[in-house]
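Residue numbers (the UniProt record's numbering): 1 to 339.
Right, dumping it as structure tokens:
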């Protein structure tokens with residue numbers, strides 16, 4: 001397979017120490033190329049990056065897990081985009097906010113929770129349900145974890161199990177994602193993330209502080225996965241008829257449009273939207289994770305890219321990474337052609 005410019009861009013961010021290492025996959029129809037560059041860890045000592053290592057994929061949990069289960073429930077008629085979330089979460093006091101708002105990050109939910117990352121799970125849940133709707137409601141996309149935390153709790157009410165159990169049973173297992181889990185067995189098989197006060201080097205445990213506190217009840221972060229498993233996910237997304245019980249084909253095929261309430265806020269259900277030029281200008285799905293991960297999915301061209309790194313290692317947030325990430329994605333989208 002080709003993509004020399006994309007692979008050079010990946011090598012550059014490793015060589016320039018933007019990230020410690022990268023595991024990647026380039027999918028083009030039925031062809032898949034995977035590879036690794038750099039190292040898995042810098043501290044407490046440098047550690048080789050091995051094929052098959054598990055990454056904390058952070059907010060990719062939203063689209064791989066929580067959105068997939070949500071789409072199943074929508075297809076089954078057990079949930080509606082226009083359901084007020086108070087139907088499922090009566091503790092939330094604003095009936096204007098709907099499932100559509102959560103999925104498209106147009107809920108406008110905002111507010112401050114004192115000592116948020118130090119609260120126990122029940123107190124954090126109470127604090128999140130006590131937030132309020134701000135001025136961006138219904139008209140502006142403002143990305144926020146709380147939307148998918150709430151979505152996970154709604155799924156729990158419908159299915160009677162934790163969101164992470166639901167994702168495991170209804171997405172990971174049927175897609176054959178055998179090395180994807182919320183509870184890794186071997187921390188040394190996991191790529192370490194940041195060194196955190198009070199936690200030390202975080203390895204094999206979710207980096208996200210809300211995910212750490214909420215544990216199995218968090219639908220916004222917490223998943224660990226591998227390049228090969230995410231290739232399986234991407235391939236199923238590109239051809240949902242092969243996994244119709246997991247990824248409802250009608251809804252999956254319709255994700256390349258703006259699903260926000262106004263139809264003009266530039267967001268699909270779950271996914272961000274960008275554009276590619278080949279074979280003609282068209283929309284592409286993508287999503288990133290705070291730890292340094294992203295997926296780019298192009299159903300029109302039958303292509304996808306998986307990118308996994310630990311850009312927060314050893315210190316978060318490593319903001320220079322963001323521009324480099326966008327540049328790599330831009331290079332990939334510009335280079336994508338069918339050879």
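C-beta atoms are modelled at their ideal positions from N, C-alpha and C, and glycine is treated no differently.
- With respect to residue 193, residue 141 sits apart: the two C-beta atoms are not nearer than 9 Å.
- Around the CB of residue 226, 16 or more other CB atoms lie within 10 Å, so the residue is classed as buried.
- Residue 104 and residue 260 do touch by the CB rule: their CB atoms are close to 5 Å apart, below 8 Å.
- Runs of alpha helix (DSSP H) with 4 or more residues, each lying fully within the segment 185-257, are found at 209-214, 227-238 and 249-253, listed in chain order.
- The beta carbon of residue 288 sits closer than 6 Å to the beta carbons of 294 from its chain, once the five residues preceding and following it are set aside; these are given in chain order.
- The Cβ-Cβ distance between residue 132 and residue 113 does not fall below 9 Å.
- Using a Cβ distance threshold of 9 Å, residue 64 and residue 230 count as a contacting pair.
- Partner residues in the beta bridge of residue 34, as assigned by DSSP, are 25.
- DSSP places residue 84 in the strand class (E or B) of the three-state scheme.
- For residue 126, the enclosing alpha helix (DSSP H) covers residues 121-129.
- A straight-line Cα-Cα distance of about 26 Å links residue 43 and residue 215.
- Residue nearest to residue 52 within the set 16, 116 and 309 is 309 (criterion: CA-CA distance).
- In the three-state reduction of the DSSP assignment, residue 181 falls in the strand class, which pools E and B.
- Nearest C-alpha to residue 169 among 234, 245 and 269: 245.
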